[in-house]
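Note sheet for the following structure.
Number of protein chains: 2
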Amino acid sequence: MDKFDNKILHELKNDGRISNVELAQAIGLSPSATLRRVQDLEKKKVIQGYRAVFDKEQLGIGFVAYVSIGLNSHTKQAQLDFEEHVRFEKEVVECHNITGANEYLLRVESASLAAYKRFHSDVLGECERVKSISTMVVMDSPKDER
Amino acid sequence: MDKFDNKILHELKNDGRISNVELAQAIGLSPSATLRRVQDLEKKKVIQGYRAVFDKEQLGIGFVAYVSIGLNSHTKQAQLDFEEHVRFEKEVVECHNITGANEYLLRVESASLAAYKRFHSDVLGECERVKSISTMVVMDSPKDER
DNA sequence: GGTGAAACGTAGGCCGT
DNA sequence: ACGGCCTACGTTTCACC
Chain L
1 MDKFDNKILH
11 ELKNDGRISN
21 VELAQAIGLS
31 PSATLRRVQD
41 LEKKKVIQGY
51 RAVFDKEQLG
61 IGFVAYVSIG
71 LNSHTKQAQL
81 DFEEHVRFEK
91 EVVECHNITG
101 ANEYLLRVES
111 ASLAAYKRFH
121 SDVLGECERV
131 KSISTMVVMD
141 SPKDER
Chain D
1 MDKFDNKILH
11 ELKNDGRISN
21 VELAQAIGLS
31 PSATLRRVQD
41 LEKKKVIQGY
51 RAVFDKEQLG
61 IGFVAYVSIG
71 LNSHTKQAQL
81 DFEEHVRFEK
91 EVVECHNITG
101 ANEYLLRVES
111 ASLAAYKRFH
121 SDVLGECERV
131 KSISTMVVMD
141 SPKDER
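Going down the list, the sequences are from chains L and D.
Under our numbering, the first sequence has 52 at position 52, and the numbering climbs by one with no breaks.
Under our numbering, the second sequence has 106 at position 106, and the numbering climbs by one with no breaks.
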């Protein structure tokens with residue numbers, strides 16, 4: 001992990017589809033050496049993959065919220081039950097197990113407030129393990145580098 | 001935005017570097033038609049870009065937390081001051097303006113707990129607008145599709 | 001790490017529906 | 001307006017230095 005590798009990661013973060021020749025001249029190495037490094041980083045799983053990023057509004061995602069969830073039991077089984085409950089809900093984009101007053105923090109992306117209400121009642125409200133739900137609606141994201 | 005476009009987006013979310021010919025056969029169209037659609041989606045900014053995703057642990061990110069921030073003033077100026085304060089902090093990966101008891105939710109990625117402590121004291125503690133700080137340490141992320 | 005050449009993919013014009 | 005075919009061009013990839 002020398003400065004060339006760091007440059008590679010920097011470039012690939014900005015543009016995951018940059019061509020190998022462009023990448024090579026951006027970091028100051030030949031295309032073949034660059035390719036070997038990239039392949040090596042992929043093999044070592046430093047680079048886990050590549051993803052396209054989309055405009056949520058144009059895809060009909062008009063409502064984003066972080067939802068803090070408290071469970072009624074602190075057992076491992078309760079956690080597994082809850083995780084299973086949200087795993088296949090496509091509106092749940094992230095699920096984090098956190099420290100603090102509540103056990104979980106979700107990022108939920110819905111089409112609208114109405115759609116979120118449905119999610120709130122039908123998914124979260126129907127999970128027996130859920131004790132408390134606290135919704136933080138995202139009004140703006142002045143920084144989002146993920 | 002028909003079913004072909006949706007398939008394209010689905011494939012590019014899974015693998016942003018899939019080749020056009022592979023993408024074409026995955027969605028059941030010819031390469032040229034596929035390419036035109038992809039270029040069109042890029043032009044319309046439905047596809048905003050492509051990014052490589054990395055293994056944070058291998059890059060020395062051993063500590064991730066969501067931090068809820070309350071300000072001591074609800075004015076627009078206070079918000080702008082705070083946003084400016086975190087904009088150039090590279091440990092702050094996300095900054096969301098939210099509804100609820102506190103105004104902001106940050107995602108912070110640090111090398112270690114010690115590094116986070118430094119961030120907590122030197123960055124957040126030194127911002128005069130900040131009234132309350134509540135840290136939720138991420139212990140696990142059973143789902144993270146971003 | 002660099003060079004070169006073969007294999008492969010891209011990108012755009014053209015035609016048919 | 002949209003998909004398929006064809007082809008020149010560029011890029012990737014690998015054996016070799």
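C-beta atoms are modelled at their ideal positions from N, C-alpha and C, and glycine is treated no differently.
Closer than 8 Å by beta-carbon distance: list the chain D residues that pair up with residue i, in chain order.
{"i": "glutamine 58 (chain L)", "result": "Lys44, Lys45, Val46"}
Opposite residue i in the DSSP bridges: which residues?
{"i": "tyrosine 104 (chain L)", "result": "L:Ile69, L:Asn97"}
{"i": "tyrosine 50 (chain L)", "result": "D:Ala52"}
{"i": "glutamate 109 (chain D)", "result": "D:Val64"}
{"i": "aspartate 144 (chain D)", "result": "L:Glu94"}
{"i": "valine 130 (chain L)", "result": "L:Leu71"}
Does DSSP put residue i in a helix, in a strand, or in coil?
{"i": "phenylalanine 88 (chain D)", "result": "coil"}
{"i": "threonine 135 (chain D)", "result": "strand"}
{"i": "serine 19 (chain D)", "result": "coil"}
{"i": "lysine 3 (chain L)", "result": "helix"}
{"i": "lysine 45 (chain D)", "result": "coil"}
{"i": "serine 30 (chain D)", "result": "coil"}
Under 7 Å between beta-carbons, which chain L residues line up against residue i? List them in chain order, please.
{"i": "threonine 99 (chain D)", "result": "Met136, Val137, Met139"}
{"i": "aspartate 55 (chain D)", "result": "Lys45, Val46, Gln48"}
Cβ closer than 9 Å: which chain L residues qualify as neighbours of residue i?
{"i": "valine 86 (chain D)", "result": "Pro142, Lys143"}
Identify the contact partners of residue i in chain D, using a Cβ-Cβ distance below 7 Å as the criterion.
{"i": "lysine 13 (chain L)", "result": "Arg51, Ala52"}
{"i": "arginine 17 (chain L)", "result": "Gly16, Arg17, Tyr50"}
{"i": "glutamate 83 (chain L)", "result": "Pro142"}
{"i": "leucine 105 (chain L)", "result": "Tyr66, Met136"}
Give the interface partners of residue i over in chain D, defined as CB-CB distance under 9 Å, in chain order.
{"i": "glutamate 94 (chain L)", "result": "Ser141, Lys143, Asp144, Glu145, Arg146"}
Nearest-angstrom Cα distance between residue i and residue j?
{"i": "serine 144 (chain L)", "j": "serine 134 (chain L)", "result": "One point to set straight first is that residue 144 (chain L) is aspartate, not serine, in the sequence displayed. Taking the straight line from one Cα to the other gives about 22 Å."}
{"i": "leucine 80 (chain L)", "j": "tyrosine 104 (chain L)", "result": "12 Å"}
{"i": "glutamate 57 (chain D)", "j": "leucine 41 (chain L)", "result": "14 Å"}
{"i": "aspartate 2 (chain D)", "j": "glycine 28 (chain L)", "result": "42 Å"}
{"i": "glycine 100 (chain L)", "j": "glutamate 84 (chain D)", "result": "27 Å"}
{"i": "asparagine 72 (chain L)", "j": "leucine 106 (chain D)", "result": "27 Å"}
{"i": "tyrosine 116 (chain L)", "j": "proline 31 (chain L)", "result": "48 Å"}
{"i": "isoleucine 18 (chain D)", "j": "arginine 36 (chain L)", "result": "19 Å"}
{"i": "alanine 109 (chain L)", "j": "leucine 59 (chain D)", "result": "Here the sequence assigns glutamate to residue 109 (chain L), which means alanine is not the residue at that position. Taking the straight line from one Cα to the other gives about 29 Å."}
{"i": "phenylalanine 54 (chain D)", "j": "arginine 87 (chain D)", "result": "22 Å"}
{"i": "valine 137 (chain L)", "j": "histidine 74 (chain D)", "result": "17 Å"}
{"i": "valine 21 (chain L)", "j": "glutamine 77 (chain L)", "result": "51 Å"}
{"i": "asparagine 102 (chain D)", "j": "glycine 62 (chain L)", "result": "22 Å"}
{"i": "phenylalanine 119 (chain L)", "j": "glutamate 91 (chain L)", "result": "8 Å"}
Given that a residue counts as buried once 16 or more other Cβ atoms are within 10 Å of its Cβ, and exposed if not, what is residue i?
{"i": "glutamate 126 (chain L)", "result": "exposed"}
{"i": "glutamate 208 (chain L)", "result": "Nothing about residue 208 (chain L) can be read from this structure; chain L reaches only from 1 to 146."}
{"i": "arginine 152 (chain D)", "result": "Shown here, chain D extends from 1 to 146; a query on residue 152 (chain D) therefore has no answer."}
{"i": "serine 121 (chain L)", "result": "exposed"}
{"i": "valine 38 (chain L)", "result": "buried"}
{"i": "alanine 33 (chain D)", "result": "exposed"}
{"i": "serine 132 (chain D)", "result": "exposed"}
{"i": "serine 162 (chain D)", "result": "The shown model of chain D, from 1 to 146, leaves out residue 162 (chain D), and the question about it has no answer."}
{"i": "histidine 96 (chain L)", "result": "buried"}
{"i": "leucine 124 (chain D)", "result": "buried"}
Using the beta-carbon of each residue, which ones in chain L are nearer than 8 Å to residue i?
{"i": "leucine 9 (chain D)", "result": "Ala52, Phe54, Leu59"}
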